[in-house]
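Here's the structure, in C-alpha cells; my notes come after.
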Amino acid sequence: MVTLTETMIRTEGLWKEYDGKPILRDINIEIAKGSMVLIEGRSGTGKTTLLNILGCMDTSTRGHLWIDGKEVTKMGHKRLSKLRLHNIGFIFQEHNLIGNLTVEENIILPMKIAKHQKGHARLEELLEAFDIVDIRDKKPAKISGGEAQRAAISRALANEPDILLADEPTASLDLDNAGVVLGAFKKANEIYGSTVVVTSHDSFVKSYFSIRHTISEGKLSSEWS
Ligand SMILES: Nc1ncnc2c1ncn2[C@@H]1O[C@H](COP(=O)(O)OP(=O)(O)O)[C@@H](O)[C@H]1O
Ligand SMILES: [Mg+2]
C-alpha cells in the first residue's frame, strides 16, 4: 500500500539576516501533516528565529514559506493574524500563562478571542487529556513547571490548531517533568493529529523524536530513525 503524505509546512531558500549578518542560510524544510519533529542545535544557532518564522511571528529576509499549501510570505497582516489564531498554537520555554488568571481562564481566553462555539466542552476535554483537572482553579504561580507547560499546551490547542510549535518547552524543567511534557506533545500529536515542531538544545530530548533536524552555522541537516 502506498501512503501519501501531505505537507503541512514547507520552506524554500529561507534566509534571515540581522544587521547584514546571516543567521539562517538557505533553509529548505518539509514537515509532513501529523508528524512530530525536533529542531535541535546549540544555543544561539537560530532555533528560536526559525520557529518564529515558521509560526508567522517573524518574517524571513528572503525565501518562501508555505503553511498547508498557502504561501505565507505573500499574506497581508489580516490573513496572517487569522492564520496565527486558528491554525497555529505556540508554546514558549517559560509557559507564558497569564499570572492573574487561573489555569482554566488561561485556556478559555484564546477560545473567547476566536469565538469558539464549543468552548466549554473543549475546555473539559483538554483538562482531562492533559491531566490538569485538579489544578484548574489555581493561578500559574501555585503550580509546578510541568503542570504549567501542560496548561500551556492545552491553551495552545484550544482553538484546534493544525500546528503546535514549542520553543525549548523543557528547558526549565527537571528530567521527570520534561519527560511528562514531551509525553503530552506525543498525546497532542496522536489524539488531535497536530503537527508538532519542538526545538531543544538538550540531547536527551532526541530519543522522543524519530525525525530530527539540526541547525548548525545557519544550515539544517536532517536525520530519521
Ligand atoms: N532581534 C535580533 N537582533 C539581532 N540579532 C538577533 C536577534 N534575535 C536573535 N539574534 C541573534 O541570532 C542568533 C540566533 O538566535 P536564536 O534564534 O535566539 O538562537 P537559539 O534559539 O538557537 O538560541 C544569535 O546570535 C542571536 O544573538
Ligand atoms: Mg532559542
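Using my numbering, the first residue of the sequence shown is number -1, and each one after it goes up by one.
Beta carbons are placed, not taken as given, at the ideal position from N, Cα and C, and that holds for glycine.
Keep in mind it's a predicted model, so treat the numbers as computed, not measured.
Distance cut-off 6 Å: residue i Cβ against heavy atoms of ligand 4
| i | result |
| --- | --- |
| Ile25 | In terms of ligand content, the structure shown lacks ligand 4 and carries ligand 1 and ligand 2 instead. |
Any C-beta of chain D under 7 Å from that of residue i
| i | result |
| --- | --- |
| Lys31 | Absence of chain D from the displayed structure is noted, only one protein chain being present. |
Assigned exposure category for residue i - 16 Cβ within 10 Å defines buried
| i | result |
| --- | --- |
| Ala186 | buried |
| Ser220 | exposed |
| Asp165 | buried |
| His211 | buried |
| Arg77 | exposed |
| Phe202 | exposed |
| Ile111 | exposed |
| Leu173 | exposed |
| Thr3 | exposed |
| Gln115 | exposed |
Inter-residue CB distance, residue i and residue j (contact presumed, cutoff 8 Å)
| i | j | result |
| --- | --- | --- |
| Glu145 | Ile130 | 6 Å |
| Ser198 | Glu10 | Not confirmed; about 25 Å, so no contact. |
| Val196 | Ile141 | Not quite, the Cβ-Cβ distance comes to about 21 Å (not below 8 Å), so this is no contact. |
| Gly15 | Thr59 | Going by the sequence as given, residue 15 is Glu instead of Gly. Right, their Cβ atoms sit about 5 Å apart. |
| Phe207 | Val35 | 6 Å |
| Leu22 | Gly216 | 5 Å |
Task: Completely contained alpha helix (DSSP H) runs for the segment 123 to 173, where each covers 4 or more residues - done: 143 to 155
Task: Within the segment 20 to 74, ranges of the beta strand (DSSP E) (whole runs, at least 3 residues) - done: 28 to 30, 34 to 38 and 60 to 65
Task: Chain-ordered residues, beta carbon under 5 Å from a heavy atom of ligand 1 - done: Tyr16, Ile21, Ser41, Gly42, Thr43, Gly44, Lys45, Thr46 and Thr47
Task: Meets three-Cβ-pair contact criterion under 8 Å: the segment 67 to 82 and the segment 40 to 59 - done: yes
TODO: For the segment 96 to 107 and the segment 59 to 73, state whether three or more C-beta atom pairs, one from each stretch, are separated by less than 8 Å.
DONE: Fewer than three Cβ pairs drawn from the segment 96 to 107 and the segment 59 to 73 lie within less than 8 Å of each other, which leaves the two stretches out of contact.
- [ ] For the segment 168 to 187 and the segment 6 to 24, state whether three or more C-beta atom pairs, one from each stretch, are separated by less than 8 Å.
- [x] no
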